[in-house]
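Take a look at the structure below.
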Amino acid sequence: MASRFLARVSRTAPTLLGSSTRIAHRFLPAVASTVRQNSIDSVESRKTVHTTAAQLATPTSTPADAAKKEPAKAAAAGKSKGRIVAVIGAVVDVQFDEKLPPILNALEVTGRKPRLILEVAQHLGDSIVRTIAMDGTEGLVRGNEVVDTGNSIMIPVGPETLGRIMNVIGEPIDERGPIPAKHFASIHAEAPAFVDMSVEQEILVTGIKVVDLLAPYAKGGKIGLFGGAGVGKTVLIMELINNVAKAHGGYSVFAGVGERTREGNDLYHEMIEGGVIDLKGNNSKVSLVYGQMNEPPGARARVCLTGLTVAEYFRDQEGQDVLLFIDNIFRFTQAGSE
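Residue 163 in the UniProt record's numbering sits at position 163 of the sequence shown; the count goes up by one each step and never skips.
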């Protein structure tokens, strides 16, 4: 799983930039990236050549995605129904009497508030699939009904996500109501082919003199920021987001993987004070995706893909330069181990 994600991050766009790790007592690398619009001849050639991520990640035009259908509606539409036969922490086994859902399909537990999504990870035989829960499994019992949504996890994408915080399944967690997105996209997409990538070598001017002089960031690469707690990594992130937005007119996506809740809350309010997030208008320059430390490993392992999908939409559909921060990559790999 980790290798597939890193391949997608490496090849999903010509520009992937820096990140920050915020682990006290550890000096760990974090991967972050800038996802830039493909520079292949013209927009038309990109649309025809992009037969992988650009097409697979092309969002549906309907405002309601399949993953958010009510279980009763899904059953009426002919979706498979199953029942839980085992719960082992974040791992849930589900047995189906009819057609088995494909790998990576999203299943929804009926009658669960808030919604509990299970992602199919393995077919075990005897009509049983092994799934990974995207939220806590407390209260689940054998016999609970599960409905196959017919799709992988679908999340809202587009300008409506700017200034908002969402979780791994695309639900808003900033207490500002639903995200009025017009487009939805699957978090699972193939990386673009190497022939689709730009071969230009270009420096990203950050506007921070010491960075541009001593350690310039190259578009199309990945940068790791090393540092302990309280040394200013978050301040550097905010400056990068602000400068890129003003100098290049681009957007930023911040994926908080395994962050402390306090840190995520502080970052959000600092962005509001710094003008990066505009609560009253439509001038926000960043989308936030959080899978915090209290989340189960399934959510922390998939939140990177959620943030990457948001960034890919801005690249492919909006033609924007996008700065993607992943804080931090160690906890992503740790979640995969769990």
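All C-beta atoms in this analysis are idealised placements derived from N, C-alpha and C, irrespective of residue type, glycine included. No experiment lies behind these values; they were computed from the predicted model shown.
Nearest to E273 (by Cα), restricted to the options K81, V85, G163:
G163
Nearest neighbour of P156, chosen from L267, K246, E312 [CA to CA]:
E312
Unbroken alpha helix (DSSP H) run spanning M238, endpoints
233-248
Would a C-beta distance cut-off of 9 Å place I117 and D135 closer than the cut-off?
yes
Kindly give me the distance between the Cβ atoms of D97 and L124, rounded to whole angstroms, as I take these residues to be in contact under 8 Å.
Contact doesn't hold; Cβ gap of about 15 Å is too wide.
Distance, Cα to Cα, R302 vs P192?
19 Å
How should S20 be labelled, buried or exposed, when 16 other C-beta atoms within 10 angstroms of its C-beta is the threshold for buried?
Its pLDDT being 36, under 50, S20 is placed unreliably in this model, and the value from its coordinates should be taken loosely. So S20 ends up on the buried side.
Euclidean distance between Cα positions of E171 and P178:
8 Å
Between the region 179-190 and the region 304-323, do at least 3 Cβ pairs fall closer than 8 Å?
yes
Assess contact between the region 208-222 and the region 286-294, defined as three or more Cβ pairs (one per stretch) separated by less than 8 Å. Is contact present?
no
Using a Cβ-Cβ cut-off of 7 Å (strictly less than) and excluding sequence neighbours within five positions of G264, which residues of its own chain qualify?
G256, Y290, Q292
Under three-state DSSP, which class holds F96?
strand
Taking just the CA atoms, how far does V210 sit from F325?
20 Å
Around the C-beta of T261, are 16 or more other C-beta atoms found within 10 angstroms, so that it is buried, or is it exposed?
exposed
Return the chain-ordered list of same chain residues with a C-beta closer than 7 Å to the C-beta of Q95, the five sequence neighbours on each side being excluded.
G82, R83, V85, S127, I128
Report back the beta-carbon spacing between Y268 and I165 to the nearest angstrom; my notes put them in contact at under 8 Å.
7 Å
Report yes if the C-beta distance between V205 and A247 is below 9 Å; otherwise report no.
yes
From what residue to what residue does the alpha helix (DSSP H) around M271 run?
261-273
Residue nearest to E145 in terms of C-alpha spacing, selected from G319, L107, P114, V322:
L107
Going by C-alpha to C-alpha distance, which of L100, T149, V322 sits closest to G221?
V322
With distances taken Cα to Cα, identify the nearest neighbour of N243 among G207, E338, D278, F254.
G207
Nearest-angstrom Cα distance between V87 and I203?
50 Å
Mark E119 as exposed unless 16 or more other C-beta atoms lie within 10 angstroms of its C-beta, in which case mark it buried.
buried
Can you pull the DSSP bridge partners for S186?
M154
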